[in-house]
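These notes concern the structure reproduced below.
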Amino acid sequence: AQSVTQLGSHVSVSEGALVLLRCNYSSSVPPYLFWYVQYPNQGLQLLLKYTSAATLVKGINGFEAEFKKSETSFHLTKPSAHMSDAAEYFCAVTPGYSSASKIIFGSGTRLSIRP
Amino acid sequence: KAGVTQTPRYLIKTRGQQVTLSCSPISGHRSVSWYQQTPGQGLQFLFEYFSETQRNKGNFPGRFSGRQFSNSRSEMNVSTLELGDSALYLCASKSLLEGTDTQYFGPGTRLTVL
Chain R
8 AQSVTQLGSH VSVSEGALVL LRCNYSSSVP PYLFWYVQYP NQGLQLLLKY
58 TSAATLVKGI NGFEAEFKKS ETSFHLTKPS AHMSDAAEYF CAVTPGYSSA
108 SKIIFGSGTR LSIRP
Chain D
-6 KAGVTQTPRY LIKTRGQQVT LSCSPISGHR SVSWYQQTPG QGLQFLFEYF
44 SETQRNKGNF PGRFSGRQFS NSRSEMNVST LELGDSALYL CASKSLLEGT
94 DTQYFGPGTR LTVL
């Protein structure tokens, strides 16, 4: 069984500050992990994904995430926040061995950027 | 390559009616999944279709059904609508050839039940 926990339903940072969105996962098999972003009234857009290659994954818009097996974490970071980063972010997990399994999403973290 | 498209984008129905939502996946993608997104419950998986067969199903009542056509386009139907069915319904497609379970989402259909 798999699950995802996103710590903090709402995170607020100042423009130019570090963005850190936390995601912890539980998986009985090696997982594939994803971060998606959702802007108001839009669908989900893939930011980045971990598929058992490099543990530090770089995505779009300057975001990156590091897979830490020992901590079962896949936190999302961005060195300098921009106003356009304000959105909701979802962490997700699937088992890495099967493409037939459904993806499990976290509850989401809303990111606000203060001017 | 065109992305996932969903029609209609917005829909208003009344309780007791039924509704059909449509999703066209990315060309070449044979897997289509449907999700319901609400402020209270978040993103909930409805079902997945692959090659016209339902492969996975979430925990929704039988009022929610779907199908997939030979061209991979998918429809989702909700019968006897309830107020609680008001939500953003998202469709996602993926290519199993990628082998990474990466799902690509459409913009969603916003359903309001009055």
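Residue numbers (my numbering), protein chains in the order written: chain R, 8 to 122; chain D, -6 to 107.
Each residue gets a CB set at the ideal place from its N, CA and C atoms; glycine is no exception.
* To do: Please state if the CB of G9 of chain D and the CB of T102 of chain D are separated by a distance shorter than 8 angstroms.
  => For the purposes of this step, residue 102 of chain D is taken as the residue at position 109 of the second sequence. For the purposes of this step, residue 9 of chain D is taken as the residue at position 16 of the second sequence. Their beta carbons are not under 8 angstroms apart, which means T102 of chain D does not touch G9 of chain D by this criterion.
* Does E68 of chain D have its Cβ less than 8 angstroms from a Cβ in chain R? -> For the purposes of this step, residue 68 of chain D is taken as residue 75 along the second sequence, with counting starting at 1. Not one chain R Cβ lies under 8 angstroms of E68 of chain D.
* Asked: At what residues does the beta strand (DSSP E) containing E68 of chain D begin and finish?
  -> For this step, residue 68 of chain D is matched to residue 75 along the second sequence. Taken as a continuous stretch (DSSP letters only), the beta strand (DSSP E) holding E68 of chain D covers 67 to 71.
* Asked: Where V25 of chain D and Q52 of chain R are concerned, what is the direct C-alpha to C-alpha distance, given to the nearest angstrom?
  -> Mapped onto the second sequence, residue 25 of chain D falls at position 32. Mapped onto the first sequence, residue 52 of chain R falls at position 45. If I take the Cα positions, the gap works out to 16 angstroms.
* To do: Enumerate in chain order the residues of its own chain whose CB-to-CB distance from G23 of chain R is below 7 angstroms, with the five nearest sequence positions on each side excluded.
  => Indexing the first sequence from 1 puts residue 23 of chain R at position 16. Within the same chain, G23 of chain R has close Cβ partners S87, A88.
* To do: Under 9 angstroms between beta-carbons, which chain D residues line up against L53 of chain R? List them in chain order, please.
  => Counting from 1 along the first sequence, the entry for residue 53 of chain R is found at position 46. Neighbours of L53 of chain R on chain D, chain order: T95, Q96, Y97, F98.
* Asked: Is F38 of chain D close to chain R, meaning its C-beta is less than 8 angstroms from at least one C-beta of that chain?
  -> Here residue 38 of chain D is taken as the residue at index 45 of the second sequence, counted from 1. Cβ-Cβ to chain R under 8 angstroms: yes for F38 of chain D.
* **Buried/exposed call for M69 of chain D, threshold 16 Cβ in 10 Å** => Position 76 of the second sequence, counted from the start, is the residue given in the question as residue 69 of chain D. Buried: at least 16 other Cβ atoms inside 10 Å.
* Using 10 angstroms around the beta-carbon of V(-3) of chain D, count the other beta-carbons present and answer buried if the total reaches 16, otherwise exposed. => Locating residue -3 of chain D in the second sequence gives position 4, counting from the first residue. So V(-3) of chain D counts as buried.
* Answer with buried or exposed for K50 of chain D, where buried requires no fewer than 16 other C-beta atoms within 10 angstroms of its C-beta. => Numbered from its first residue, the second sequence carries residue 50 of chain D at position 57. Looking at its Cβ environment, which holds fewer than 16 other Cβ atoms inside 10 Å, K50 of chain D is exposed.
* To do: Using a cut-off of 8 angstroms between C-beta atoms, extract the partners of F97 of chain R located in chain D.
  => For the purposes of this step, residue 97 of chain R is identified with residue 90 of the first sequence, where counting begins at 1. Ordered by position in chain D, the residues that pass the 8 angstroms Cβ test against F97 of chain R are L36.
* To do: Determine the direct distance from the alpha carbon of Y39 of chain R to that of F74 of chain R, and round the result to whole angstroms.
  => Stepping through the first sequence from its first residue, residue 74 of chain R is reached at position 67. Stepping through the first sequence from its first residue, residue 39 of chain R is reached at position 32. Rounded to the nearest angstrom, the two C-alpha atoms are 10 angstroms apart.
* **CA-to-CA distance, V36 of chain R to S59 of chain R, given in whole angstroms** => If you number the first sequence from 1, residue 59 of chain R lands on position 52. If you number the first sequence from 1, residue 36 of chain R lands on position 29. Computed Cα separation, rounded: 12 angstroms.
* Asked: Name the DSSP bridge partner or partners of P38 of chain R?
  -> Residue numbering aside, residue 38 of chain R sits at position 31 when the first sequence is read from its first letter. Bridge partners of P38 of chain R: R:P102.
* Asked: Taking a cut of 7 angstroms between CB atoms, which residues from the region 37 to 56 of chain D lie near chain R?
  -> F38, E41, R48, N49
* Would you kindly work out how many angstroms separate the C-alpha atoms of C30 of chain R and L54 of chain R, rounded to a whole number? => Within the first sequence, numbered from 1, the residue matching residue 30 of chain R stands at position 23. Within the first sequence, numbered from 1, the residue matching residue 54 of chain R stands at position 47. Computed Cα separation, rounded: 14 angstroms.
* Asked: Under a three-way DSSP split, which group does I5 of chain D fall into?
  -> Position 12 of the second sequence, counted from the start, is the residue given in the question as residue 5 of chain D. Correct three-state label for I5 of chain D: strand.
* Asked: How would you list, in chain order, the residues of chain R whose beta-carbon sits under 8 angstroms from the beta-carbon of L83 of chain D?
  -> Translated into the one-based positions of the second sequence, residue 83 of chain D becomes position 90. Those within 8 angstroms of L83 of chain D in chain R are G50, L51.
* **Proximal residues to Q94 of chain R (C-beta, below 7 angstroms), its chain only, five neighbours per side dropped** => By one-based count along the first sequence, residue 94 of chain R stands at place 87. The sequence shown places Ala at residue 94 of chain R, not Gln. Once the five neighbours on either side are set aside, the close Cβ partners of A94 of chain R are V44, Q45, Y46, L118.
* Asked: Since G35 of chain D is in the beta strand (DSSP E), which residue starts that stretch and which ends it?
  -> Residue 35 of chain D sits at position 42 when you count from the first residue of the second sequence. Element bounds for G35 of chain D: 35 to 43.
* To do: Assuming Q37 of chain D and Q29 of chain D form a contact by the criterion Cβ under 8 angstroms, report the distance between their Cβ atoms to the nearest whole angstrom.
  => Here residue 37 of chain D refers to the residue found at position 44 when the second sequence is read from its first residue. Here residue 29 of chain D refers to the residue found at position 36 when the second sequence is read from its first residue. About 5 angstroms; that satisfies the 8 angstroms criterion.
* Give the straight-line distance between the Cα atoms of G50 of chain R and L14 of chain R, rounded to the nearest whole angstrom. => Numbered from 1 along the first sequence, position 43 holds the residue referred to as residue 50 of chain R. Numbered from 1 along the first sequence, position 7 holds the residue referred to as residue 14 of chain R. Between G50 of chain R and L14 of chain R, the C-alpha separation is close to 22 angstroms.
* Asked: Over what stretch of residues does the beta strand (DSSP E) that includes R60 of chain D continue unbroken?
  -> The count along the second sequence starts at 1 and reaches residue 60 of chain D at position 67. Unbroken beta strand (DSSP E) run through R60 of chain D: 57 to 61.
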